[in-house]
Structures are given as C-alpha cells and as structure tokens.
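Presented below is the structure to which this report refers.
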Amino acid sequence: MTTLPLKLTPSTDPLPDTQREAILENPGYGRHFTDHMVMIRWSGERGWYDAELLPYAPLPMDPANKTLHYGQAVFEGLKAYRQPDGTVAVFRPQDNAARFRASARRMAMPELPDSLFVAACDALVRQDRAWVPDSSEASLYLRPFMFATETGFGVHPSQQYLFMVIASPTGAYFSDGIQPVSVWLSQEYVRAVRGGTGTAKTSGNYAASLIAQAQAAAHGCDQVVFLDAFEQRWVEEMGAMNLFFVYGDRIVTPALTGTLLPGITRDSLLTMARDLGLTAEEGRISVEDWQRDAENGTLTEVFACGTGAVITPVGSVKSERAEWAQGDGKPGEVTLRLRRALLGLQTGRSADAYGWMHHVG
Ligand SMILES: *Cc1c(COP(=O)(O)O)cnc(C)c1O
15 MTTLPLKLTP STDPLPDTQR EAILENPGYG RHFTDHMVMI RWSGERGWYD
65 AELLPYAPLP MDPANKTLHY GQAVFEGLKA YRQPDGTVAV FRPQDNAARF
115 RASARRMAMP ELPDSLFVAA CDALVRQDRA WVPDSSEASL YLRPFMFATE
165 TGFGVHPSQQ YLFMVIASPT GAYFSDGIQP VSVWLSQEYV RAVRGGTGTA
215 KTSGNYAASL IAQAQAAAHG CDQVVFLDAF EQRWVEEMGA MNLFFVYGDR
265 IVTPALTGTL LPGITRDSLL TMARDLGLTA EEGRISVEDW QRDAENGTLT
315 EVFACGTGAV ITPVGSVKSE RAEWAQGDGK PGEVTLRLRR ALLGLQTGRS
365 ADAYGWMHHV G
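Numbering (our numbering) for the sequence shown: 15 to 375.
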C-alpha cells in the first residue's frame, strides 16, 4: 500500500514560461497555483487507490457531498525552498505527514501513510519545480488536504475520501521590511476547548476563528490572540500561529495543553534556540503576566511563528480592558536572530544541522 504507484499525466498546456516568471516576480500568498495537482482516493472497501498526478483543474462536486454539510476536512501547509545549488528541498515533510495523520484520526478520517504523503508532495514539487521561486525568503507553498466525498445527509464518517496536494508560489511575507503586528485579545470567542478539535488542522477551526479575526480588525488590530476557554486567562495562539515570549535570553512558548495546534515551526524554534545559547521552555503565560512584564520591561519581545510567515513580531496588545505596547515598535533582536537562523537553514544558506531538509532534486 505504501508503494502505491503514482500515475503521471503531465499537462499538455502548462502556463507559458514568460507568464509563470511574471507571477514568480510577485506571487503574493495563495493566489496562483502551479500546473499540476496530486489526487489519491480512499474507500472503505479498497483503502488507498488511484494515486495520480494530473493537470490542475476544478473538481466536479455533488451538492450532497458530506464535506459541504458536515465539514470532514483536514489540511497541511509546508514549503519547498530553492537551494543555493539550484535543487529544491522541502522543510520537515515527515512531520507534516505525522500531524496530518493525527488530524485525520481526530476527524474520524483514514490515516494516509507518511510515505504516501511525502511521495505525493515530492511528485508535485518535481513536476512543477520551475514554480519554486529563486529569490530568498520566497518558496513554493504545498497544501496537502483531504475531505469526504461520500454523498448523503447521514451523519457518520464518510466511507470515501479524496486526498490532494496543490501548490502555490509565495513571496517574502514582509515585502518592505518586517513590521510588528498589533493583536486583539479575544475575550468573547475561543478557538479550542479540551476534548475539542484544537490540536487538529481542520477547516472548521479556521471557520470558527474568522469572526474573532474580524473583531480584531474592527478594533484596529492586525491579528487575534486566543485565550484558554476555561479561565479566559492563559494565552494560547495568535490566529493560526504559535506564540513565543522572550525574557532576555530565555524564550517561553505556551505548552501543548491539548487545545493548541502543535506547530512544526514552534518545535523547530525550541530546538534551534537552545543551540543558539538561549534557554527555551514550554510554560504558561497569563494575560496579567503579559501586561505586567511588558510594562516593567522584563518581557523584552513577543513573536508568533508558523509556516506561512515564519516569524512575525508582536508590537502592541489591546483588549476590552487594557492596551499596552510590546517593545519599542521595532522587531526585537532575539526575534530577528531566530528568524535569520531558521530561514538560513530552510534556504540552504546555512548547514542543516538537524536533517530537516528533504531534498527532492
Ligand atoms: C498550522 C497552524 C499553526 C502553525 O503550524 P506550523 O506547523 O508551524 O505551520 C499554528 N496554529 C494553528 C491554529 C495552525 O493551524
């Protein structure tokens, strides 16, 4: 099963080179898609079958498709980076594969073997390697996802699924210098509860977060920060990114209590920080700690991290009750050091000390 043959059906009319190159000059995020996609089907009787790489195209969809009604859908996000020698390498795909299985399990969906997940990503990157940008900090974002394809209104786990991978070139997240973001502490909405789906990368979590993000925007903030659902006191995540709190040369990130999404960037930074001579810990940070320590200056920096933006500094905080500045409005020194170290490793400018880069060729 894990050696399921992947049928290759390359496009007969890929985007002309000049048009692709024009897109790669300024790709934005998630606006343009490469020439191909991968599909693997699953059914209760057959398991995984019909693995295929084929031209990117719309999907025919039955209006009674269960995903549209009951939301059985999971996804991943990972990046392929152009290396200095012109080859392409993907950052920690095995870890995304393992998390994808965990997300699927939580949503009562079948678990795609890691080898198939990685082979599907590799096949797409190889086929569409011309779409991997050359410029530093730009990358090809890979979006593996899976959803129910059974039709009907019966509420039970679908007996048919479609796994797919599509890819989108992405530019440097900060095109004119790194700007700290302002955050809104949401005390009305929560992202996740114990026993819920907070640890799964599932579409519904994103749907549920949008109103809180809109509320943040209405308060003039760039991003929303979610607190724990029980006490509304402990800081959990910023939008779809994990948070780090910097106390001089000690960095602390909220522990994985069962309601946080276990970010691969978060995990990478915990490891790298220690090798950069920092103390890296998982802990608990309350809203009161955050405000007090930001105001007395012991909390020197705060940043968020995730595959999309890699590292984003937080510059100010606002809630119904309070408002305070975090730092001096510029990205902090530790934030920038960690960002440089991680991007250096991903783009192959520094050594891959942890064996995190998966070379695709
Ligand atoms: C994907 C995601 C993250 C970041 O995970 P990475 O593996 O670092 O990209 C953080 N929080 C949420 C809610 C997410 O969905």
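From the three backbone atoms N, C-alpha and C, an ideal C-beta is built for every residue, glycine too.
Quick caveat, the model's predicted, so the values are computed rather than measured.
**Prompt:** Whole-angstrom Cβ separation of Val331 and Trp304, contact assumed at under 8 Å?
**Reply:** Yes, they are in contact, since the Cβ atoms of Val331 and Trp304 sit about 7 Å apart, within 8 Å.
**Prompt:** Is there contact here, the region 82-99 with the region 145-152, by at least three beta-carbon pairs under 8 Å?
**Reply:** When C-beta atoms of the region 82-99 are compared with those of the region 145-152, three or more pairs fall below 8 Å, so the two segments count as touching.
**Request:** Answer yes or no: the CB of Ile278 versus the heavy atoms of ligand 1, is any distance below 7 Å?
**Result:** Result yes, Cβ under 7 Å from ligand 1.
**Message:** Could you check whether the Cβ of Gly91 sits closer than 7 Å to any heavy atom belonging to ligand 1?
**Reply:** For ligand 1, at least one heavy atom lies less than 7 Å from the Cβ of Gly91.
**Beta carbon of Glu315 nearer than 8 Å to that of Gly346** = In contact: Glu315 and Gly346 (Cβ atoms closer than 8 Å).
**Prompt:** Can you give the Cα-Cα distance for Lys21 and Lys80, rounded to whole angstroms?
**Reply:** Their Cα atoms are separated by approximately 27 Å.
**Request:** Give the secondary structure of Leu92 by DSSP, where H, G and I count as helix, E and B as strand, and everything else as coil.
**Result:** The answer is strand: DSSP assigns Leu92 an E or B state.
**Request:** With DSSP collapsed to three states, give me the class of Asn256.
**Result:** DSSP places Asn256 in strand when its eight states are reduced to three.
**Message:** Could you check whether the region 307-326 touches the region 167-179, counting it as contact only if at least three pairs of C-beta atoms, one from each stretch, sit closer than 8 Å?
**Reply:** Contact between the region 307-326 and the region 167-179 is absent: fewer than three C-beta pairs spanning the two stretches fall below 8 Å.
**Asked** Can you give the beta carbon distance from Asp136 to Gln108, rounded, assuming they're within the 8 Å contact cut?
**Response** Asp136 to Gln108, Cβ: 12 Å. No contact.
**Prompt:** So, Ala243 versus Thr165, is the Cβ gap smaller than 8 Å?
**Reply:** Not a contact, by the Cβ cut-off of 8 Å.
**Prompt:** Does any heavy atom of ligand 1 sit closer than 7 Å to the C-beta of Leu156?
**Reply:** Leu156 Cβ: outside cutoff for every heavy atom of ligand 1.
**Asked** Looking only at its own chain, which residues have a Cβ that is under 7 Å from the Cβ of Leu257, when we skip the five neighbours before and after it?
**Response** Within the same chain, Leu257 has close Cβ partners Val249, Glu251, Thr267, Pro268, Val316 and Ala318.
**Request:** Would you mind listing the beta strand (DSSP E) stretches within the region 132-180 that are 3+ residues and don't spill past its ends, in chain order?
**Result:** Runs of the beta strand (DSSP E) lying entirely within the region 132-180 and spanning at least 3 residues, in chain order: 153-162.
**Message:** Tell me the rounded alpha-carbon separation between His46 and Pro183.
**Reply:** Straight across, the Cα-Cα distance linking His46 with Pro183 is about 7 Å.
**Simplified DSSP state of Gly346, which is helix, strand or coil** = Reduced to three states, the DSSP call for Gly346 is coil.
**Request:** Return the Cβ separation of Pro276 and Thr213 in integer angstroms, given the expectation that the two are a contact with Cβ distance under 8 Å.
**Result:** About 6 Å separates the Cβ atoms of Pro276 and Thr213, confirming a contact at the 8 Å cut-off.
**Item:** Three-state secondary structure (DSSP) of Phe114
**Value:** Three-state result, Phe114: helix.
**Assigned exposure category for Leu224 - 16 Cβ within 10 Å defines buried** = Under this definition Leu224 is an exposed residue.
**Message:** Quick check: does the Cβ of Met371 come within less than 7 Å of any heavy atom belonging to ligand 1?
**Reply:** Answer for Met371: no, Cβ out of range of ligand 1.
**Prompt:** In whole angstroms, what separates the C-alpha of Val132 from that of Asp142?
**Reply:** Using only the alpha carbons, I get a separation of about 15 Å.
**Message:** Could you compute how far the alpha carbon of Ala134 sits from the alpha carbon of Thr271?
**Reply:** In a straight line, the C-alpha of Ala134 is about 32 Å away from that of Thr271.
**Message:** For the structure I just gave you, are there three or more beta carbon pairs, one from the region 324-342 and one from the region 185-199, closer than 8 Å?
**Reply:** Yes: at least three Cβ pairs fall under 8 Å.
**Asked** Can you tell me the Cα-Cα spacing of Gly375 and Glu302, whole angstroms?
**Response** Roughly 49 Å between the two C-alpha positions.
**Item:** Counted within 10 angstroms of its Cβ, other Cβ atoms place Met15 as buried (16 or more) or exposed
**Value:** Unreliable positioning characterises Met15 in this predicted model, as indicated by a pLDDT of 47, which lies under 50. A coordinate reading is not provided.
**Asked** Looking only at C-alpha atoms, which of Gly61, Leu156, Arg247 and Phe259 sits nearest to Leu352?
**Response** That would be Phe259, whose Cα lies nearest to the Cα of Leu352.
**Message:** Using only CA atoms, which one of Ala221, Gly209, Val204 and Thr211 lies nearest to Val239?
**Reply:** Among Ala221, Gly209, Val204 and Thr211, the Cα nearest to that of Val239 is on Val204.
**Asked** For Tyr63, which three-state DSSP category applies?
**Response** Judged by DSSP in its simplified three-state form, Tyr63 adopts strand.
**Euclidean distance between Cα positions of Ala112 and Ala226** = Spanning the two alpha carbons is a distance of roughly 29 Å.
**Prompt:** Should Met121 be listed as close to ligand 1, given that the test is whether its C-beta is under 7 Å from any heavy atom?
**Reply:** No, the Cβ of Met121 stays beyond 7 Å of every heavy atom of ligand 1.
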